[in-house]
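These protein sequence lines are chains L and B, in that order. Just so we're aligned, residue 33 is where the first sequence starts under my numbering, counting upward by one. Just so we're aligned, residue 33 is where the second sequence starts under my numbering, counting upward by one. Remarks on the structure that follows.
Number of protein chains: 2
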Amino acid sequence: MHRLTTLPNGFRIVSEPMPGLASASVGIWVTAGARHERAEENGIAHFLEHMAFKGTARRSALQIAEEIEDVGGYINAYTSREMTAYYARVLENDVPLALDVIADIVLNPAFDAREIEVERHVILQEIGQALDTPDDVIFDWLQEAAYPEQALGRPILGPSGQISRYDAGDLRGFVGGHYGPGQMILAASGAVHHDKLVALAETLFGQLPALTMPAAEPARFHCGERREVKTLEQAHFALAIEGPAYRDPDLFTAQIYASVLGGGMSSRLFQKLREERGLCYTTFAQAGAHEDTGSITIYAGTGAEDVAALANLTIDELRRATEDMTEAEVARARTQMKAGLLMGLESPSSRAERLARLLSIWGRVPSLSETIDKIDAVDLPAIHAYAERVASEARLSAALYGPVSAAPSLEALRERLAA
Amino acid sequence: MHRLTTLPNGFRIVSEPMPGLASASVGIWVTAGARHERAEENGIAHFLEHMAFKGTARRSALQIAEEIEDVGGYINAYTSREMTAYYARVLENDVPLALDVIADIVLNPAFDAREIEVERHVILQEIGQALDTPDDVIFDWLQEAAYPEQALGRPILGPSGQISRYDAGDLRGFVGGHYGPGQMILAASGAVHHDKLVALAETLFGQLPALTMPAAEPARFHCGERREVKTLEQAHFALAIEGPAYRDPDLFTAQIYASVLGGGMSSRLFQKLREERGLCYTTFAQAGAHEDTGSITIYAGTGAEDVAALANLTIDELRRATEDMTEAEVARARTQMKAGLLMGLESPSSRAERLARLLSIWGRVPSLSETIDKIDAVDLPAIHAYAERVASEARLSAALYGPVSAAPSLEALRERLAA
């Protein structure tokens with residue numbers, strides 16, 4: 033059972049012990065990501081995440097790494113569109129140390145000018161690595177196509193040109209505007225003790241002054257396309273279908289719909305595109321949600337000669353979902369979702385992350401049975417109605433990369449779907 | 033505590049329960065991988081792994097997927113150079129079902145001619161996807177450079193040209209020659225009961241006739257280079273240093289040496305190449321072992337203008353390791369290795385895989401304390417001596433991909449190291 037404590041300044045601590053574990057996962061999740069950036073500061077949330085590891089008032093970059101690795105732990109961080117997370121996995125007795133290091137790097141980064149120059153180069157290398165990886169490129173483009181000229185559509189890493197000019201003032205500005213105690217959650221699972229975590233958090237985070245963060249720029253899904261022809265082995269094809277936001281009651285429906293469509297080996301897209309036709313190695317569909325919008329993402333990669341067929345077959349599966357969906361498929365998707373949830377809870381890292389995510393969305397952590405009830409409430413008529421809505425509205429965006437010139441236009445795909 | 037049972041035909045069952053878990057990881061590990069293939073059948077072990085999911089005498093491809101996913105589980109497989117693994121994660125009560133499906137797909141694949149054609153296309157797509165991913169390409173090339181014209185140096189996926197012509201006879205030939213009970217291990221962890229697993233295994237695998245598998249082609253490390261200049265954002269640079277085989281007492285020394293060099297954020301390569309110089313986003317070193325050989329792999333990616341500096345700095349770190357290695361670094365690497373081991377045991381999937389791997393190498397599962405003793409026995413003088421040997425022997429292979437024309441030749445790197 034999880035426990036939740038809110039400090040007077042709004043900082044929250046949520047934890048759930050896992051009996052029998054010798055290690056713990058502990059981290060700070062901050063409601064600050066790429067979508068909280070202004071256009072001219074795109075990439076700064078991620079730059080900041082990098083700089084956290086480059087030294088504080090008390091610790092050099094090497095000391096940060098050494099203190100955690102001396103006790104056999106590891107520490108890492110990631111930036112998403114709505115959050116930045118700093119987390120560590122350590123043995124039970126080292127939780128106070130890990131929290132001390134995490135608090136230090138989150139609250140006291142030094143922003144040394146020379147270290148900023150070095151890290152700028154590291155990030156430019158990271159951007160280069162992503163640009164060399166079609167599987168990374170395609171999803172950034174899909175996001176851009178669906179949310180053009182909006183914060184939510186901009187890349188997390190930011191554009192190289194802008195990365196080249198950020199300085200300590202930009203980084204301090206973003207911290208000052210976004211890293212308040214009400215924007216932070218300490219989440220932990222495994223070999224943890226809530227009262228001890230709260231005592232540590234009071235010392236480390238209790239004195240932070242509250243901060244009113246401006247609302248993120250609202251997002252509006254757009255039916256757009258980004259396509260770039262390039263000589264690659266594979267034609268990469270990704271679709272986004274407008275979907276529910278975090279708190280939308282339709283989210284579970286959309287997730288089960290996506291699961292039936294492309295959630296596993298028995299899913300429709302896997303069976304049609306891969307098992308029957310041999311058109312692709314990878315294909316999937318999944319529903320992702322943000323604060324105020326969401327989308328179902330569909331992906332498949334194939335050869336140049338098959339990209340038109342693959343795109344049309346994908347749309348045909350979206351249409352067919354309105355016609356012959358079965359109770360057995362919906363029941364299977366529900367079971368997969370519930371079992372996946374249970375298995376995820378058996379890892380301290382994914383359990384801590386889930387606590388932080390749910391608390392951030394709902395202001396509380398819904399119980400497992402509450403979530404399971406919502407999953408069980410999604411029945412065949414609901415999925416059928418959802419599939420009908422997807423087809424009739426045809427709210428699609430697309431990204432295409434590689435030898436994709438033969439692929440139908442977005443308009444043609446939308447017409448085929450709504451026909 | 034694990035339990036191990038050997039059936040009269042040589043089939044082995046190894047399992048270790050994890051109290052408190054609701055799910056289990058269970059699989060069959062077969063000592064058959066790319067290095068057991070003749071040159072003219074390269075890729076067949078992996079093709080076979082794919083065909084296992086394409087139907088058996090009793091189940092269609094769809095039924096295989098549905099039976100596991102109906103109960104919320106998942107099933108997957110992988111082929112490495114020395115093993116093929118088929119595994120599932122399911123809730124406790126579904127372990128018998130999962131084992132029945134896995135046994136069926138491993139022992140009774142139908143090899144339907146039409147399904148072979150379809151799957152051939154899927155594998156060609158998988159090869160295309162790998163070729164589009166420099167991070168995949170570079171390590172296949174490194175393996176080829178280090179073991180040229182040897183089974184261990186050939187790609188697991190095989191060459192497209194050969195994939196295009198394999199038929200049911202080729203697949204049956206490989207199964208007949210390699211999939212005997214003495215080559216198979218059933219490994220399981222999580223919510224499992226050893227006696228029940230043994231009873232199931234007796235029914236499913238107990239009647240298999242024993243098989244004498246020819247020894248794999250012996251491997252000989254070669255100091256070779258593969259380099260291809262291509263327009264990419266990053267210059268990818270990978271080195272292999274000849275290292276110990278599985279059972280070589282030096283393996284732990286090599287692993288701790290690799291960890292000090294490039295095992296974490298406090299490692300020498302991470303600190304020098306990334307933290308001090310900002311040359312790369314990704315860099316690491318790790319020791320990998322095979323039956324009769326092994327290698328320490330080092331990787332880094334950087335921009336075209338920095339690839340020569342990066343390659344030389346990497347070599348300089350190998351040299352510096354002979355000079356100023358400290359007790360603190362070695363102690364940290366030992367602690368990281370031990371804590372990593374403990375944390376890995378907290379996941380049923382990695383625990384099952386570890387059981388299978390250790391049993392396959394040693395014919396028994398060494399206890400945790402035995403492994404920890406071996407780690408603790410590696411001291412500074414041992415690491416120092418190992419670093420000296422690496423430098424003086426300079427047994428290196430290299431792979432380079434991208435804008436790499438400015439990079440030094442392998443001979444220049446070897447001379448710089450041994451100088």
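Ideal Cβ positions, reconstructed from N, Cα and C, are used throughout, including at glycine.
If we ignore side chains and look at the alpha-carbon of each, how far apart do G372/L and R197/B end up? Per the coordinates, the alpha-carbon of G372/L lies some 39 Å from the alpha-carbon of R197/B.
At which residues does the alpha helix (DSSP H) containing I188/L begin and terminate? Taken as a continuous stretch (DSSP letters only), I188/L belongs to no alpha helix (DSSP H), as it is neither H nor E.
For the stretch 300-318 of chain L, which residues have a beta carbon sitting closer than 9 Å to at least one beta carbon of chain B? Taking a C-beta cut-off of 9 Å against chain B, the contacting residues of the stretch 300-318 of chain L are F302, Q303, R306, E307, E308, R309, G310, L311, C312, Y313, T314, listed in chain order.
Burial state of T329/L, where buried means 16 or more other Cβ atoms lie within 10 Å: Its Cβ being crowded by 16 or more others within 10 Å, T329/L is buried.
Can you give me the C-alpha to C-alpha distance between I415/L and V362/L, rounded to a whole angstrom? So the alpha carbons of these two residues sit roughly 8 Å apart.
Looking only at its own chain, which residues have a Cβ that is under 8 Å from the Cβ of L301/B, when we skip the five neighbours before and after it? Cβ within range, chain order: L293, G294, T315, F316, A317, I330, A332, T346, E349.
Mind listing the chain B neighbours of M297/L? Cutoff is C-beta to C-beta under 9 Å, in chain order. Using a Cβ-Cβ cut-off of 9 Å, M297/L is close to F85, A93, L94, I96, A97, E98, I100, E101, Y106, I107, N108 of chain B, given in chain order.
For A54/B, which residues from the same chain have a beta carbon less than 7 Å from its beta carbon, with the 5 sequence-adjacent residues on both sides left out? Answer for A54/B: L123, E124, A223, listed in chain order.
So within the stretch 100-174 of chain L, which uninterrupted alpha helix (DSSP H) runs reach at least 4 residues, ignoring any that extend past its ends? Qualifying alpha helix (DSSP H) stretches, in chain order: 127-139, 145-163.
The stretch 358-370 of chain B: which residues have C-beta closer than 7 Å to a C-beta of chain L, in chain order? Considering only beta carbons, the part of the stretch 358-370 of chain B lying closer than 7 Å to chain L consists of R364, T367, Q368, K370, in chain order.
Residues in the stretch 138-169 of chain B having any Cβ partner in chain L nearer than 8 Å: Sequence-ordered contacts of the stretch 138-169 of chain B with chain L read E149, V150, E151, R152, H153, V154, I155, L156, Q157, E158, I159, G160, Q161, L163, D164, T165, P166, D167 [C-beta pairs closer than 8 Å].
Look up H268/L in the DSSP assignment and say whether it is helix, strand or coil. Taken through DSSP and simplified to helix, strand or coil, H268/L comes out as strand.
If you compare alpha carbons, which of I107/L, F79/L, R113/L, A77/L is closest to H322/L? Nearest C-alpha to H322/L: R113/L.
Best match in E447/L, P180/L, D411/L, I407/L for proximity to R351/L [C-alpha to C-alpha]: Just measuring C-alpha positions, the residue of E447/L, P180/L, D411/L, I407/L sitting nearest R351/L is E447/L.
CB of S379/L within 8 Å of CB of S379/B, strictly: Going by C-beta atoms, S379/L is nearer than 8 Å to S379/B.
Since S291/L contacts A365/L with CB under 8 Å, what's their CB separation in whole angstroms? Between A365/L and S291/L the Cβ distance is about 4 Å, and since that is below 8 Å, they are a contact.
Report yes or no: is there a C-beta of chain B within less than 8 Å of the C-beta of L123/L? Interface residue, yes.
Chain L contacts made by the stretch 332-355 of chain B, where a contact means CB separation under 9 Å: Result list: G333, T334, G335, D338.
Can you check which of these residues, G52/B, P241/B, S298/B, is closest to A495/L by C-alpha distance? The structure shown has nothing for residue 495/L, since chain L only spans 33 to 451.
Thinking just about the alpha-carbon of each residue, which of E147/L, A93/L, A247/L is nearest to the one in L184/L? Distances from the CA of L184/L to each of E147/L, A93/L, A247/L were compared; the closest alpha carbon is that of A247/L.
Assigned secondary structure, L428/B (DSSP; H/G/I helix, E/B strand, else coil): Looking at L428/B - three-state DSSP - the assignment turns out to be strand.
Bridge partners of I407/L, per DSSP? Per DSSP, none; premise fails for I407/L.
Report yes or no: do the stretch 138-155 of chain B and the stretch 400-416 of chain B share at least 3 C-beta pairs separated by less than 8 Å? Output reads no: the stretch 400-416 of chain B does not touch the stretch 138-155 of chain B.
Candidates P435/B, A423/B, N41/B, L264/B, of which the one nearest G214/B by Cα: Per the Cα distances, N41/B.
Beta-carbon of E48/L versus every beta-carbon of chain B: anything under 8 Å? No, no contact with chain B.
If L189/B and G65/B are in contact, beta carbons under 8 Å, what's the gap, nearest whole angstrom? Not quite, the Cβ-Cβ distance comes to about 12 Å (not below 8 Å), so this is no contact.
Under 8 Å, Cβ to Cβ, is there at least one residue of chain D near P51/B? Absent from the structure: chain D. Protein chains present are L and B.
Under the three-state DSSP convention, the category E260/L falls into: The answer is strand: DSSP assigns E260/L an E or B state.
Thinking just about the alpha-carbon of each residue, which of R252/L, M245/L, G434/L is nearest to the one in A177/L? Checked all of R252/L, M245/L, G434/L; the closest Cα to A177/L is R252/L.
Within 8 Å of any Cβ in chain B, is that where the Cβ of A379/L sits? The sequence as given places Ser at residue 379/L; Ala does not occur at that position. Chain B contact via Cβ: present.
State the start and end residues of the unbroken beta strand (DSSP E) segment that holds T37/B. Residues 35-38.
Quick check on the DSSP output: the alpha helix (DSSP H) that includes M357/L runs from which residue to which? Counting along the chain, M357/L falls outside any alpha helix (DSSP H), and DSSP gives it neither H nor E.
Please report the distance separating the alpha-carbon of E359/L from that of G296/L. The straight-line gap from Cα to Cα measures roughly 17 Å.
How is Y418/B classed by DSSP in three states: helix, strand or coil? Reduced to three states, the DSSP call for Y418/B is helix.
Closest Cα partner of V169/B within the set L264/B, M33/B, F284/B: Nearest option by C-alpha distance: L264/B.
With distances taken Cα to Cα, identify the nearest neighbour of L232/L among F171/L, G201/L, P128/L. Looking at the Cα atoms, P128/L is the closest of the given residues.
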